[in-house]
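**Student:**
Number of protein chains: 2
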Amino acid sequence: MIYELYYWPSIPGRGEFVRLALEEAGAPYLDVARRSGKGSGIPAMVRVLSGRAATPPFAPPFLKAGRLLIGQTANILQFLGPRHGLVPTSEAGRLWTHQLQLTIADFVVEIHDTHHPISGTLYYGDQKTEARRRASAFLKDRLPKYLGYFEGVLGQYPARRFLLGSRLTYADLSMFQVMAGLRFAFPVAMHSAARHFPRLSSLQAEIVGRPRIAAYLKSSRRIGFNNEGIFRHYPELDAARRSGRSVSKPT
Amino acid sequence: MIYELYYWPSIPGRGEFVRLALEEAGAPYLDVARRSGKGSGIPAMVRVLSGRAATPPFAPPFLKAGRLLIGQTANILQFLGPRHGLVPTSEAGRLWTHQLQLTIADFVVEIHDTHHPISGTLYYGDQKTEARRRASAFLKDRLPKYLGYFEGVLGQYPARRFLLGSRLTYADLSMFQVMAGLRFAFPVAMHSAARHFPRLSSLQAEIVGRPRIAAYLKSSRRIGFNNEGIFRHYPELDAARRSGRSVSKPT
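So the sequences go chain by chain: A and E. Per our numbering, residue 63 is the first one in the first sequence, and the count goes up by one each step. Per our numbering, residue 63 is the first one in the second sequence, and the count goes up by one each step.
Structure representation (structure tokens):
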């Protein structure tokens with residue numbers, strides 16, 4: 063079976079969390095909205111969104127897997143996980159991986175809202191004042207709290223390489239993407255706080271070094287970070303440009 | 063087995079989505095942070111949050127079920143679902159229910175952020191100006207979009223009583239709570255938009271009428287909406303007080 067992934071073609075966004083899982087799995091998939099021709103492109107995606115599917119997605123990404131149409135990033139990942147060895151087989155292991163993924167999802171919303179605190183339908187330029195305030199609070203309170211949490215999970219046992227221990231799950235792949243995105247969006251804040259999350263940095267490096275991921279990151283299938291997506295680099299929202307102070311220690 | 067639910071004792075919040083599922087199931091549970099005595103109260107909750115659990119929750123609610131410690135509301139619900147007949151047994155049915163639940167979770171974040179668009183660590187009074195802007199955008203764009211989506215799901219077949227059809231799932235219970243919360247928070251906007259979501263109103267009434275839920279809602283176990291939780295009533299954020307206009311039609 064060839065999966066069909068539907069997501070906006072010009073940004074990594076939430077689609078990238080699914081893409082990383084498919085790439086690590088070596089699973090064949092079509093990135094439908096990025097293809098041209100009949101039944102492809104954005105029109106094909108919009109057709110599903112505005113159509114009469116039995117399980118309509120609220121928003122991209124969504125995945126077609128045979129007769130299934132699955133929406134919500136974390137839900138897609140928990141569907142793919144057991145099929146491709148990206149999650150333990152035990153119920154406890156699957157629940158814990160999903161719990162981590164949902165916490166990553168919460169984090170991603172907060173990262174996005176640093177540049178869109180008022181509305182996703184307004185431009186950044188129309189909510190810049192509010193964005194400065196929200197980004198400032200985010201860097202001070204939320205970034206250290208989230209990174210501290212995941213660093214703590216990685217630090218539970220000295221030999222732990224991945225969030226669950228010795229074994230990679232889809233949550234590690236998503237965590238890699240979040241770390242890469244944060245370094246793109248907030249280079250100053252992330253640099254000055256880096257000493258507080260050595261294990262997350264190691265995890266990021268570990269994922270980059272996996273053969274399939276390394277090949278993928280070099281390919282044209284990978285969409286780079288840009289200022290249309292979740293992770294955006296606006297220097298005025300980053301730490302030092304505003305206050306000269308670094309973010310606080312993770313709690 | 064007696065479940066142990068951990069959540070802030072003074073607000074319905076996200077804990078209520080779990081409570082509704084447990085109540086509908088008739089499952090025995092302890093609402094740990096609302097109890098007094100040894101091993102109870104907020105200190106017991108904080109102890110888990112700051113302790114060294116193998117699967118630490120990022121935030122409440124979390125559920126102890128035997129040896130399992132499960133965090134993230136939607137994750138707890140998908141754990142409880144198959145144990146208590148609150149989700150279909152098929153994989154497709156479980157995925158679809160969870161997809162709906164995660165969309166409800168996204169909606170809940172946006173509802174919360176109408177009164178806290180800048181930071182959860184600041185008081186409402188410290189972000190009132192931004193809250194007005196965000197609430198205005200929410201009532202204009204997001205509320206109709208989300209309610210229109212769920213109304214559309216309910217409207218797929220004329221005889222559909224619940225989101226999945228003839229059978230109640232945990233997502234219906236959560237949807238009830240969201241509708242009740244929205245009517246508390248935005249009575250003017252919800253009243254003027256009510257004609258656009260008759261099926262969601264019927265669903266809300268249907269849930270209220272279920273014997274176990276009806277008994278629960280009358281009991282002291284139910285925590286009423288208040289201005290410390292997700293759903294808050296600030297008249298200045300509701301529709302008519304600001305512009306006199308109703309929210310737009312769901313798209």
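All residues carry an ideal CB built from backbone N, CA and C; glycine is no exception.
A/Phe-293 and A/Phe-246 - do their beta-carbons sit closer together than 7 angstroms?
**Tutor:** Yes, the pair counts as a contact, with Cβ atoms nearer than the cut-off.
**Student:** May I have the straight-line CA-CA distance separating E/Lys-190 from E/Ile-173, to the nearest angstrom?
**Tutor:** 15 angstroms
**Student:** DSSP has E/Phe-224 in a bridge; who is on the other side?
**Tutor:** E/Gly-227
**Student:** Taking Cβ positions, are A/Asp-203 and E/Thr-183 nearer each other than 7 angstroms?
**Tutor:** yes
**Student:** Going straight from the alpha carbon of A/Gly-143 to that of E/Ser-181, what length do you get?
**Tutor:** 34 angstroms
**Student:** Quick one: is E/Phe-120 near chain A, going by C-beta distance under 7 angstroms?
**Tutor:** yes
**Student:** On the DSSP letters alone, give me the boundaries of the beta strand (DSSP E) that A/Phe-124 sits inside.
**Tutor:** 124–127
**Student:** Does the distance from the CB of A/Leu-216 to the CB of A/Arg-261 come in under 7 angstroms?
**Tutor:** yes
**Student:** Given a cut-off of 7 angstroms on the beta-carbon distance, is the pair A/Gly-88 and A/Pro-123 in contact?
**Tutor:** no
**Student:** Taking 7 angstroms as the threshold (beta carbon to beta carbon), is A/Arg-307 in contact with chain E?
**Tutor:** Caution is warranted here: a pLDDT of 49 is assigned to A/Arg-307, below 50, making its placement in the model unreliable, and no coordinate value can be reported.
**Student:** Over the uninterrupted alpha helix (DSSP H) stretch that includes A/Leu-244, give me the two end residues.
**Tutor:** 232–247
**Student:** For the beta strand (DSSP E) holding A/Met-68, just list the boundary residues, first then last.
**Tutor:** According to the sequence provided, residue 68 of chain A is Tyr. The question's Met does not apply to it. Taken as a continuous stretch (DSSP letters only), the beta strand (DSSP E) holding A/Tyr-68 covers 65–68.
**Student:** Could you tell me the alpha carbon to alpha carbon distance between E/Lys-207 and E/Leu-92, rounded to whole angstroms?
**Tutor:** 37 angstroms
**Student:** For E/Gln-163 versus E/Ala-136, is the C-beta distance shorter than 7 angstroms?
**Tutor:** yes
**Student:** With DSSP run on the structure shown, which of helix, strand or coil describes A/Leu-157?
**Tutor:** helix
**Student:** In three-state DSSP terms, what is A/Tyr-296?
**Tutor:** Correct three-state label for A/Tyr-296: coil.
**Student:** Alpha carbon to alpha carbon, what distance is there between E/Phe-200 and E/Ala-193?
**Tutor:** 10 angstroms
**Student:** Taking Cβ to Cβ, would you say E/Ile-138 is nearer than 7 angstroms to E/Val-80?
**Tutor:** yes
**Student:** Residues in the segment 157–172 of chain E with C-beta within 7 angstroms of chain A's C-beta atoms, listed in sequence order?
**Tutor:** Leu-157, Trp-158, His-160, Gln-161, Leu-164, Thr-165, Val-171
**Student:** Is there a Cβ from chain A that is less than 7 angstroms from the Cβ of E/Ser-181?
**Tutor:** yes
**Student:** Distance, Cα to Cα, A/Ala-277 vs A/Gln-266?
**Tutor:** 15 angstroms
**Student:** Could you check where the beta strand (DSSP E) with E/Gly-133 kicks off and where it finishes?
**Tutor:** 130–133
**Student:** Between the C-alpha atoms of A/Leu-84 and E/Arg-156, what's the straight-line distance to the nearest angstrom?
**Tutor:** 22 angstroms
**Student:** Give the straight-line distance between the Cα atoms of E/Glu-268 and E/Ala-256, rounded to the nearest whole angstrom.
**Tutor:** 16 angstroms
**Student:** Taking the alpha-carbon positions, what's the A/Ser-308 to A/Ala-301 distance?
**Tutor:** Because the pLDDT of A/Ser-308 is 49, which lies under 50, any placement of that residue in the model is unreliable, and the question is left without a value.
**Student:** Grouping DSSP H, G and I as helix and E and B as strand, with all else coil, what is A/Arg-304?
**Tutor:** In this predicted model, A/Arg-304 has a pLDDT of only 45, less than 50, meaning its place in the structure is not dependable enough to derive any value.
**Student:** If contacts are defined as beta-carbon pairs under 8 angstroms, then E/Leu-82 and E/Gln-218 qualify, I think. What distance do you get, rounded to the angstrom?
**Tutor:** Actually they are not in contact, since the Cβ atoms of E/Leu-82 and E/Gln-218 sit about 24 angstroms apart, beyond 8 angstroms.
**Student:** Report buried or exposed for A/Ser-98, applying the criterion of at least 16 other Cβ atoms within 10 angstroms of its Cβ.
**Tutor:** With fewer than 16 Cβ atoms within 10 Å of its Cβ, A/Ser-98 is classed as exposed.
**Student:** Quick check: E/Ala-95 and E/Met-107, are their CB atoms within less than 7 angstroms of each other?
**Tutor:** Closer than 7 angstroms, so yes.
**Student:** Can you give the Cα-Cα distance for E/Gln-134 and A/Phe-120, rounded to whole angstroms?
**Tutor:** 21 angstroms
**Student:** Is A/Arg-261 close to chain E, meaning its C-beta is less than 7 angstroms from at least one C-beta of that chain?
**Tutor:** no
**Student:** State yes or no: is the beta carbon of E/Asp-188 nearer than 7 angstroms to at least one beta carbon in chain A?
**Tutor:** no
**Student:** Within the continuous beta strand (DSSP E) that includes A/Tyr-91, where are the two ends?
**Tutor:** 91–93
**Student:** Quick one: what does DSSP say E/Tyr-186 is sitting in, helix, strand or coil?
**Tutor:** helix
**Student:** By DSSP, does A/Arg-96 sit in helix, in strand, or in coil?
**Tutor:** helix
**Student:** For A/Tyr-211, would you say it is in contact with chain E, using Cβ-to-Cβ distances shorter than 7 angstroms as the test?
**Tutor:** So yes, A/Tyr-211 belongs to the interface.
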